[in-house]
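One structure is given here, and the rest of the page talks about it.
Numbering (the numbering used here), first residue to last: 33 to 344.
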């Protein structure tokens, strides 16, 4: 007798290996999965502009990264002598406008250079509810804890999501024609406006992604949302806030990603890197020379296979 509806994941029509470059953009779930790839030895750039939840802000960041011009509209505002970037995560704030502009430019260059060389872009959409700065008439990525009366909110429609993200993908293909895009919808639920609006938001994102994968070549969907909501479907797979998937749930999704995208040789190298990281992250204050040599030797061996690995 079966007590749950397990989702079987078929192999995708391509594989991801350690030779590939990956970029992850989007919600906190993009962080979770992006760091799994990174900690498994993949050349990965994960949310260089911080966590971004809504499709309009994600599209704006990708448009800027596709733009080879240095003339980028920053959307910086001043409030109580501090400067904030409406287009980016809450960490993009400074007492100096020049310093904030430099921070944005550096991250944009980093993202641009990575997207030019990337084989895969993972876009994780969190919510179709947006906040708009009333005076600037701009959708914001983060409200920066500014007064509520500066913003209003809106639920995007499917066409708006498709148009904005579709345009971004087409712009990225101008600098990287071979780029493959993998969309996911975050299983994290957003209850600020109630359960019903969260359902409307997720439905909007799912229908928009379906339209994008039909409209654009080399665009795909990985069902992370369904794996949590329909497959695991239990609060024991949530953190204490009952909203975010816990480690056990993320482990389960990661296992499905391995099935979908990785072959046996890649999986073997993943496990080797993970084992090294575990050993390196739990080092004692006093270590034998033999252990130090073991760490050094394994790192040098991995570095031969994966030149992009960070210094141990």
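Just so you know, even glycine gets a beta-carbon here, dropped at the ideal spot from N, CA and C. Small disclaimer: the values here were computed from a predicted structure and weren't measured.
Taking Cβ positions, are residue 74 and residue 156 nearer each other than 8 Å? no
Status (buried if at least 16 other CB within 10 Å, exposed otherwise) for residue 320: exposed
Quick check: residue 94 and residue 107, are their CB atoms within less than 8 Å of each other? no
Could you give the DSSP three-state label for residue 164: helix, strand or coil? strand
Measure the C-alpha to C-alpha separation of residue 191 and residue 168 and round it to an integer number of angstroms. 23 Å
The ligand FMN heavy atoms versus the CB of residue 158: any closer than 7 Å? Inclusion of the ligand FMN in the displayed structure is not the case, the ligand content being empty and no account of it being possible.
The segment 113-132 touching the segment 145-161, judged by at least three CB pairs closer than 8 Å: no
Helix, strand or coil for residue 83 per DSSP? coil
Quick one: Cα of residue 182 to Cα of residue 327, how far? 53 Å
Roughly how far, in whole angstroms, is the beta-carbon of residue 121 from the beta-carbon of residue 83, given that I think they are within contact range, below 8 Å? 6 Å
Please report the distance separating the alpha-carbon of residue 44 from that of residue 129. 45 Å
Label residue 40 either buried or exposed according to how many other C-beta atoms from any shown protein chain fall within 10 Å of its C-beta, with 16 as the threshold for buried. exposed
Can you tell me where the alpha helix (DSSP H) holding residue 53 begins and where it ends? First-last for residue 53: 53-58, but that is the beta strand (DSSP E), not the alpha helix (DSSP H).
Between residue 263 and residue 246, what straight-line distance do the alpha-carbon atoms span, to the nearest angstrom? 25 Å
To the nearest angstrom, how far is the alpha carbon of residue 227 from that of residue 313? 40 Å
Please go through the same chain and pick out, in chain order, the residues whose beta-carbon is closer than 8 Å to the beta-carbon of residue 335, but skip the five residues on each side of it. 341
What are the boundary residues of the beta strand (DSSP E) that includes residue 153? 152-157
DSSP on residue 119, reduced to helix/strand/coil? coil
Go through its chain and collect everything with a Cβ distance to residue 69's Cβ below 7 Å, but skip five positions before and after it. 54, 76
I'd like the list of long-range same chain contacts for residue 344, defined as Cβ closer than 6 Å, with 5 residues on each side in sequence excluded. Confidence at residue 344 is low in this model, with a pLDDT of 41, below 50, so its placement is unreliable and the value that follows should be read with caution. Within the same chain, residue 344 has close Cβ partners 312, 331.
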